[in-house]
Amino acid sequence: MHPQSLVHAIVGFCDGGMLAHLGPPDMRHAIGYALNYPNRKTLPLEKLDFTKVVPSHLWSQIKNVFLQSVWHMT
16 MHPQSLVHAI
26 VGFCDGGMLA
36 HLGPPDMRHA
46 IGYALNYPNR
56 KTLPLEKLDF
66 TKVVPSHLWS
76 QIKNVFLQSV
86 WHMT
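Count the sequence shown with the working numbering and you get residues 16 to 89, in order.
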């Protein structure tokens, strides 16, 4: 259980990688998805702002690692 209810699901793979579904702590997202399945409908609900969830010192480190990775790919 995530204390702020932002992590809704995590899937682990055999290679050790993981994917997580993150969203605002609002069950209306899950209910909207269930009612509209298999389609995704734009809902008038709050979107998750990742920069507000992650502390600023960590966010700058994440951006630096990402930009370095992209730089090496080009």
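Ideal Cβ positions, reconstructed from N, Cα and C, are used throughout, including at glycine.
Any chance the region 34-41 sits against the region 57-75, with 3 or more Cβ pairs inside 8 Å?
yes
Classify valine 68 as helix, strand or coil using the three-state DSSP reduction.
helix
Using the three-state DSSP reduction, which class does leucine 63 fall into: helix, strand or coil?
coil
Do you know whose CA, among Asp30, Ala24 and His72, lies nearest alanine 45's CA?
Ala24
Thinking C-alpha only, which one of Thr57, Leu63 and Pro53 is nearest aspartate 41?
Leu63
I'd like to confirm something about methionine 42: is its beta-carbon nearer than 8 Å to some heavy atom of the ligand PLP, or not?
Questions concerning the ligand PLP fall outside what the structure shown contains, since it holds no ligand whatsoever.
For proline 59, which of Phe28, Gln19 and Gly47 has the nearest alpha-carbon?
Gly47
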